[in-house]
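Trainee: Here it is, the structure, as structure tokens.
In our numbering, the protein residues as written are 143 to 466.
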């Protein structure tokens, strides 16, 4: 949009200085985190190019509304996020607008563009946008990220590294030596975080793990994921989220594969459905509702570079057992 009107953008400054847009953003938001020489060069470029940030402070409220943007409103994980965000917004006397992007980065960007200036800020839950796109939007609106990290941006998230290590340690303790991760969408930041943590933990334990997919984070894709995993020959599967894991459980049952006697299955997010499916699902979760509350709080306080990281918890249930 900036280029279309001839107005310099954060990308122009980054290109002029041969740095990333994230470094430009940090130079503006948190200058103490950028080397003084680099910061000086960026600030000189900003002045020379006539670059101006137009985003309003969150304290300058006008509409009395904030928006939470979610990839899939039918995913139970986002029920907790929406509930937490709505409660915190209501306590502040604000109205929460819910935006469903249906896992589409293009739709996410277009919806945010339409709402800029109409709401006082955005909480982006599991944003499917690239880091550069998020930084560009943050140049014109106040954003807080939920379940996502971008340098120089405020965020609230549940940690994945230690929790993913717990998953691997749990499976190894049961005798599993060959694991598979059923990965989510390639646009999902947390998919890559989980895979990196699982792979590191598996290497430390001396077991193998392979990433399969990508799959949509829904039960519908569980069938294809289960079939691929059976061809792979792993004795334990770690699904991108609980919905995918539940779809895997159904397909395995249909094919006569016993869980956990023949194959163990683990999910992520620890949704309420993990406790009522058959067998009950071992899953890594955390205080997602609380994270969303923090997200809105950070938004209302106007913080530009504050991250709240909450602990994860592995709930061990019936879907994991001794390796065959």
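Where a beta carbon is used, it is the ideal one built from N, C-alpha and C, also for glycine.
Are the CB atoms of residue 306 and residue 340 nearer to each other than 8 Å?
Mentor: Yes, the Cβ-Cβ distance between residue 306 and residue 340 is below 8 Å.
Trainee: Spatial neighbours of residue 157 within its chain, please: CB distance less than 6 Å, with the 5 preceding and 5 following residues excluded, ordered by chain position.
Mentor: No residues qualify anywhere along the chain.
Trainee: With DSSP collapsed to three states, give me the class of residue 323.
Mentor: DSSP places residue 323 in strand when its eight states are reduced to three.
Trainee: Could you spell out the range, first to last residue, of the alpha helix (DSSP H) harbouring residue 221?
Mentor: 218 to 233 is the span of the alpha helix (DSSP H), which, as asked, contains residue 221.
Trainee: Count the other CB atoms within 10 Å of the CB of residue 264; is the residue buried (16 or more) or exposed (fewer)?
Mentor: Its Cβ being crowded by 16 or more others within 10 Å, residue 264 is buried.
Trainee: Which residues in the same chain have their Cβ closer than 6 Å to the Cβ of residue 424, if we skip the five residues on either side of it in sequence?
Mentor: Cβ within range, chain order: 408, 458, 459, 461 and 462.
Trainee: Could you give the DSSP three-state label for residue 250: helix, strand or coil?
Mentor: Of the three classes helix, strand and coil, the one that applies to residue 250 here is helix, per DSSP.
Trainee: My assumption, with CB atoms under 8 Å, is that residue 452 sits in contact with residue 428. Please give the rounded CB distance.
Mentor: With a Cβ gap of about 6 Å, residue 452 and residue 428 count as contacting.
Trainee: Assess contact between the stretch 235 to 247 and the stretch 211 to 224, defined as three or more Cβ pairs (one per stretch) separated by less than 8 Å. Is contact present?
Mentor: Yes, the stretch 235 to 247 is in contact with the stretch 211 to 224.
Trainee: Is the beta carbon of residue 348 less than 8 Å from the beta carbon of residue 337?
Mentor: Contact: no.
Trainee: Can you tell me where the beta strand (DSSP E) with residue 313 in it begins and where it stops?
Mentor: Not the beta strand (DSSP E): residue 313 falls in the alpha helix (DSSP H), residues 303 to 315.
Trainee: Buried or exposed, going by whether 16 or more other CB atoms sit within 10 Å of the CB of residue 406?
Mentor: With 16 or more other Cβ atoms within 10 Å, it is buried.
Trainee: Considering Cα atoms alone, identify which of 304, 365 and 449 is closest to residue 285.
Mentor: Residue 285 has its Cα closest to that of 449, out of 304, 365 and 449.
Trainee: CB residue 316 to CB residue 464, shorter than 8 Å?
Mentor: In contact: residue 316 and residue 464 (Cβ atoms closer than 8 Å).
Trainee: Taking Cβ to Cβ, would you say residue 381 is nearer than 8 Å to residue 387?
Mentor: A contact, by the Cβ cut-off of 8 Å.
Trainee: Cα-Cα, which of 208, 358, 396 and 309 is closest to residue 351?
Mentor: Per the Cα distances, 309.
Trainee: Check whether the Cβ of residue 298 lies closer than 8 Å to any Cβ atom in chain D.
Mentor: Judged by its chain identifiers, the structure shown contains no chain D, having just a single protein chain.
Trainee: Out of 404, 410, 402 and 291, which has the shortest C-alpha to C-alpha gap to residue 323?
Mentor: Among 404, 410, 402 and 291, the Cα nearest to that of residue 323 belongs to 410.
Trainee: My output table needs one value for residue 165: the three-state DSSP class, helix, strand or coil.
Mentor: Reduced to three states, the DSSP call for residue 165 is helix.
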